[in-house]
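Residue numbers (the working numbering): 82 to 160. Cβ atoms here follow ideal geometry from the backbone N, Cα and C, with glycine treated the same way. Keep in mind the model is a prediction, meaning the values are calculated, not measured. Below is one structure, written out as structure tokens, with a few remarks after it.
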Amino acid sequence: MAQAYAHTDDGTLSEDERFVYTGRAGVGQTVSSCEVAEHPEQDLYTAVETRDTGIDDPEAIQKLLTAYTKAVEGSPACR
Numbered sequence: 082m083a084q085a086y087a088h089t090d091d092g093t094l095s096e097d098e099r100f101v102y103t104g105r106a107g108v109g110q111t112v113s114s115c116e117v118a119e120h121p122e123q124d125l126y127t128a129v130e131t132r133d134t135g136i137d138d139p140e141a142i143q144k145l146l147t148a149y150t151k152a153v154e155g156s157p158a159c160r
């Protein structure tokens, strides 16, 4: 899935294989119990990206992506 998102080519894959990130962007997959009401058969993904070309901080992107994905999992978007 990450291949469809800008700046995630050659990204680092997390141990649980739910996150791919680089120094500028990342994609995360929510837990399997997270279902979107309109499309319960589809997996829900999150994506983060910085638009600043001077940013290259994989650790910061990983932290942001993980926190954002967990927030989505706890939100009404995930049922």
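Ranked by Cα distance from Thr-150, the options Asp-90, Gly-92, Gly-135, Ser-113 are led by Ser-113. Secondary structure at Thr-131: coil, using DSSP grouped into helix, strand and coil. When the beta-carbon positions are compared, Cys-115 and Glu-154 come within less than 8 Å of each other.
The three-state secondary structure of Ala-158, taken from DSSP, is coil.
Ranked by Cα distance from Ala-158, the first of Glu-122, Val-117, Ala-148, Tyr-126 is Val-117.
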